[in-house]
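Protein chains in written order, with the numbering used here: chain A, 554 to 859; chain B, 2 to 250. Just so you know, even glycine gets a beta-carbon here, dropped at the ideal spot from N, CA and C. Source: prediction; values computed, not measured. Working notes, beginning with the structure itself.
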Amino acid sequence: MDVGLLGQYVMNGLMLGMMYALVAVGFTLFFGVMDIINFAHGDVLTVGAFAALATILGLAGIGVDSPWIQLAGATLVAVTTMAALGAVIARTLVLPLKGAPPLNTLLITLMLGTALHEGVRLFYPQGANPQRFPSLLPTDAYSFGHFTLRIDSLLVLTTGLLLIVGIHLLINRTKLGLAIRAVAQDEDTAKTMGINYTLIVLATFAIGSGLAAFAGVLHGLYYSEVNFAMGLLLGVIGFSAAIVGGLGNIYGAILGGFLFSALQTIGVLAMPFASAYKDVFAFAVVILIMAWRPTGLISEKISQRV
Amino acid sequence: MSAAETTATTATGGLAVEGVYTAYDKADVLEDVTLEAQPGKITCLLGSNGSGKTTLIRSVLGLTRPNRGRIRFDGVDLTGLPTHRIVAAGIACIPEGRQVFPKLTVEENLRLGAYQEPNPDVVARRLEKVYGTFPRLKERQAQIAGTLSGGEQAMVSIGRGLMSAPKLLIVDEPSLGLAPILVKENFNIIRRINGDGITVFLVEQNVRQTLAIADYGYVLRKGRVVAAGTPGELGRTQEVHAAYFGQGR
């Protein structure tokens, strides 16, 4: 195969993988501190993407034309409002259900997710139809044979990688990260250290949901389109990535995200005649991986509980 | 007399448990427990497995909320407060089974003990002090705590308990699962900690060694306090024997 074309595939794969990794990190963080799966996570991403879109249109409406300011404003609004939404979800739904069977929490988050994306569909103007997401990044491109390096892709990729490095530093180098890790390992002992448990849970949900909003903005920029159902597949992919990587392990989630996009890319490469089946191929391989390593590639929870 | 009074007023860290009832799943585990840890002293609580010792500690720490009764610390009512506020009042715990964070390093474990201390210089000083007490931990500061030996984990757990510079240290079953020589060392360390002016509330099954270092003791049986007294008095009572070897639990 042509090297340039291969480079193109790798570039696209990296972009998608980063988006999946950002979603998967949220799943794994929530599971780490609360032992729950938040099925509303993908829909929080959707709401975040629409919040960003509304901000862009609003800024354009009041005459702010600079794409950089529009993008910065949209990202800021999406990330902060979704972080707040995540904290509210934790406070009002997840924490009160702490003593309940896990299935109840699962059901509640599933219903909340449905309410969120149906809310977008019904209340966002023309929400039932896909919405065009403006291309705010410079679209300059450099061609190297079949490989076209687009500046917007490069910017998105760089930002995402910086964010992942940022998550790593936050978790491993800050006091908040230390508290999150302590709560994830042993809730009661963490409390006895003087850690405000409720605050850490809220902070974790805020971080995870803020990351999802960021992934939603990236998704909009990458596909130039958002729709009310975008979070459904992204949620399932993020969840699978977190599980494949080993639920509870942040690096596993990141690895899982890139692995999933790699599988999709391989699916397209191996079956160019049936590229629409790339998700089928990727999920099938995920199923095989789960059969081979039932606790995920990096099995965090098992090793620490022995 | 005036000297005695001065020490009595400066010593802090007095814990008072007053008529506490705590339940798990509606069944009362603790029934009307009243006891006191005098400031600056070592108070012990003896009792066999299932007597409610751990539930009492959980009640004091706010991990399990009592249904009735009060818990006071230096006169301040702590009943129903979240755990981090109880810790902020000056209570630390060395939990049963040591409970080090297995995937964190030795130093991260110790730093968590001083989680509420905002001043990094103070934290660094306390860290040096703990390393002074346990030079072994300094050698292993970057090691993952889960890979330490049982004795070393006990050091981490004790050091971590001291990192908050508590007024009251609750020690839950320090000798559980440790070799006899380490048990003896642990009791010596507890005595030293108390010598530094920290009130100690020691919960143990190991009767003889506990009574040897305690100033006062209580015996818990089936969730009730069945005996109280000085070590000399407790050593002679039937209740101590009954609590351990008596008719069932």
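When we look at the beta-carbon of residue 195/B and count the other beta-carbons within 10 Å, is it buried (16 or more) or exposed? Residue mapping note: residue 195/B aligns to position 194 of the second sequence, counting from 1. Per the 10 Å Cβ criterion, buried.
Which value, in whole angstroms, describes the spacing of the CA atoms of residue 102/B and residue 151/B? Counting from 1 along the second sequence, the entry for residue 102/B is found at position 101. Counting from 1 along the second sequence, the entry for residue 151/B is found at position 150. Cα to Cα, residue 102/B sits roughly 13 Å from residue 151/B.
What residue range does the beta strand (DSSP E) around residue 20/B cover? In the second sequence, the residue the question calls residue 20/B occupies position 19. Segment 16-25, the beta strand (DSSP E) holding residue 20/B.
Note down the Cα distance separating residue 82/B from residue 741/A, rounded to an integer number of angstroms. In the second sequence, the residue the question calls residue 82/B occupies position 81. In the first sequence, the residue the question calls residue 741/A occupies position 188. One Cα belongs to residue 82/B, the other to residue 741/A, and the distance between them is close to 15 Å.
Between residue 71/B and residue 80/B, which are expected to be in contact by the criterion C-beta below 8 Å, what is the C-beta distance as a whole number of angstroms? Residue numbering aside, residue 71/B sits at position 70 when the second sequence is read from its first letter. Residue numbering aside, residue 80/B sits at position 79 when the second sequence is read from its first letter. Indeed, because the Cβ distance is near 5 Å, the residues count as touching under 8 Å.
Please list the terminal residues of the continuous alpha helix (DSSP H) segment that includes residue 524/A. Nothing can be reported for residue 524/A, as the shown portion of chain A is limited to 554 through 859.
What would DSSP say about residue 688/A, mapped onto helix, strand or coil? As a first step, residue 688/A must be located in the first sequence, where it is residue number 135. In the structure shown, residue 688/A sits in coil (DSSP, three-state: anything other than H, G, I, E or B).
Please classify residue 238/B: does DSSP put it in a helix, a strand, or coil? On the second sequence, position 237 is the one that residue 238/B refers to. Residue 238/B falls in the coil class under three-state DSSP.
Under 8 Å by Cβ, that's how I've got residue 602/A and residue 783/A pegged, so tell me the actual separation to the nearest angstrom. Within the first sequence, residue 602/A is the residue found at index 49, counting from 1. Within the first sequence, residue 783/A is the residue found at index 230, counting from 1. Rounded to whole angstroms, the Cβ separation of residue 602/A and residue 783/A is 7 Å, and the two are in contact under 8 Å.
Buried or exposed by the 16-neighbour rule on C-beta atoms within 10 Å, applied to residue 16/B: Taking the second sequence and counting its residues from 1, one reaches residue 16/B at position 15. Buried: at least 16 other Cβ atoms inside 10 Å.
Residue 661/A and residue 646/A: beta carbons closer than 9 Å? The residue given as residue 661/A occupies position 108 in the first sequence. The residue given as residue 646/A occupies position 93 in the first sequence. Going by C-beta atoms, residue 661/A is nearer than 9 Å to residue 646/A.
Which residues DSSP lists as bridging residue 69/B, in chain order: Against the second sequence, residue 69/B aligns to sequence position 68. In DSSP, residue 69/B forms a bridge with 22/B.
Going by DSSP, what residue range makes up the beta strand (DSSP E) through residue 757/A? Residue numbering aside, residue 757/A sits at position 204 when the first sequence is read from its first letter. Note, residue 757/A: premise wrong, no beta strand (DSSP E); alpha helix (DSSP H) at 750-776.
Separation of residue 842/A from residue 776/A, as counted between CA atoms: Counting from one through the first sequence, the residue named residue 776/A turns up at place 223. Counting from one through the first sequence, the residue named residue 842/A turns up at place 289. The straight-line gap from Cα to Cα measures roughly 29 Å.
Can you give me, in chain order, the residues of the stretch 96-127 of chain B that have a beta carbon less than 8 Å from any beta carbon in chain A? 96, 100, 102, 103, 104, 105, 109, 112, 113, 114, 116, 117
Taking the straight line between their C-alpha atoms, what separation do you get for residue 820/A and residue 838/A? The residue you call residue 820/A lines up with position 267 of the first sequence. The residue you call residue 838/A lines up with position 285 of the first sequence. If I take the Cα positions, the gap works out to 10 Å.
Is residue 218/B near residue 46/B, with beta carbons less than 9 Å apart? By 1-based counting over the second sequence, the position of residue 218/B is 217. By 1-based counting over the second sequence, the position of residue 46/B is 45. Note that the C-beta distance between residue 218/B and residue 46/B is below 9 Å.
Under 8 Å, with one C-beta from each stretch per pair, do the stretch 200-218 of chain B and the stretch 32-39 of chain B reach the 3-pair mark? yes
Determine, using beta carbons only, whether residue 235/B comes closer than 9 Å to chain A. Working through the second sequence from its first residue, we reach residue 235/B at position 234. Cβ-Cβ to chain A under 9 Å: no for residue 235/B.
Taking residue 738/A as the query, report the chain E residues whose CB atoms sit under 9 Å from its CB, ordered along the chain. Among the chains of the structure shown, chain E does not appear; the protein chains present are A and B.
Taking residue 552/A as the query, report the chain B residues whose CB atoms sit under 9 Å from its CB, ordered along the chain. Absent from the model: residue 552/A. The displayed extent of chain A is 554 to 859, so no value can be given.
Taking just the CA atoms, how far does residue 747/A sit from residue 146/B? For the purposes of this step, residue 146/B is taken as residue 145 along the second sequence, with counting starting at 1. For the purposes of this step, residue 747/A is taken as residue 194 along the first sequence, with counting starting at 1. Spanning the two alpha carbons is a distance of roughly 20 Å.
Do residue 220/B and residue 48/B count as a contact pair if the criterion is CB distance below 9 Å? Locating residue 48/B in the second sequence gives position 47, where the first residue counts as 1. Locating residue 220/B in the second sequence gives position 219, where the first residue counts as 1. Yes, these two residues count as a Cβ contact at 9 Å.
If you draw a straight line from the C-alpha of residue 564/A to the C-alpha of residue 705/A, how long is it? Locating residue 564/A in the first sequence gives position 11, where the first residue counts as 1. Locating residue 705/A in the first sequence gives position 152, where the first residue counts as 1. So the two alpha carbons sit approximately 12 Å from each other.
What residue range does the alpha helix (DSSP H) around residue 153/B cover? As a first step, residue 153/B must be located in the second sequence, where it is residue number 152. Where residue 153/B is concerned, the enclosing alpha helix (DSSP H) stretches over 151-163.
Among 805/A, 831/A, 816/A, nearest to residue 849/A - alpha-carbon criterion: Numbered from 1 along the first sequence, position 296 holds the residue referred to as residue 849/A. Closest option to residue 849/A, Cα to Cα, is 805/A.
Under a CB-based cut-off of 9 Å, is residue 89/B close to chain A? As a position in the second sequence, residue 89/B is number 88, starting the count at 1. Cβ-Cβ to chain A under 9 Å: yes for residue 89/B.
What in chain B is Cβ-close to residue 731/A, meaning under 9 Å? Indexing the first sequence from 1 puts residue 731/A at position 178. 105, 109, 112, 113, 116, listed in chain order.
Let me know the secondary structure DSSP gives residue 77/B once reduced to three states. Mapped onto the second sequence, residue 77/B falls at position 76. Of the three classes helix, strand and coil, the one that applies to residue 77/B here is strand, per DSSP.
Within its chain, find whatever has a CB closer than 7 Å to the CB of residue 154/B; leave out the 5 residues flanking it on each side and keep chain order. As a position in the second sequence, residue 154/B is number 153, starting the count at 1. Excluding positions up to five away in sequence, the list reads 99, 101, 146.
Would you say the stretch 126-133 of chain B touches the stretch 102-112 of chain B, given that touching needs at least three Cβ pairs under 8 Å? yes
Spell out whether any CB of chain A is found under 9 Å from the CB atom of residue 45/B. Taking the first residue of the second sequence as 1, we reach residue 45/B at position 44. Answer no: the Cβ-Cβ gap between residue 45/B and chain A never drops below 9 Å.
Kindly say whether residue 741/A, judged by its beta-carbon, lies nearer than 9 Å to any beta-carbon of chain B. The residue you call residue 741/A lines up with position 188 of the first sequence. Yes, residue 741/A lies at the interface with chain B (some Cβ there is under 9 Å from its Cβ).
Applying a beta-carbon distance threshold of less than 8 Å, which residues of chain A neighbour residue 242/B? Your numbering for residue 242/B matches position 241 in the second sequence. Neighbours of residue 242/B on chain A: none; closest Cβ ~33 Å, over 8 Å.
What in chain A is Cβ-close to residue 79/B, meaning under 8 Å? Residue mapping note: residue 79/B aligns to position 78 of the second sequence, counting from 1. Simply none; closest approach about 14 Å.
Exposure label - residue 4/B; buried when at least 16 CB within 10 Å: Taking the second sequence and counting its residues from 1, one reaches residue 4/B at position 3. Bear in mind that a pLDDT of 43 at residue 4/B, under 50, signals an unreliable position, so the number given afterwards is only what the model happens to contain. Exposed: under 16 other Cβ atoms inside 10 Å.
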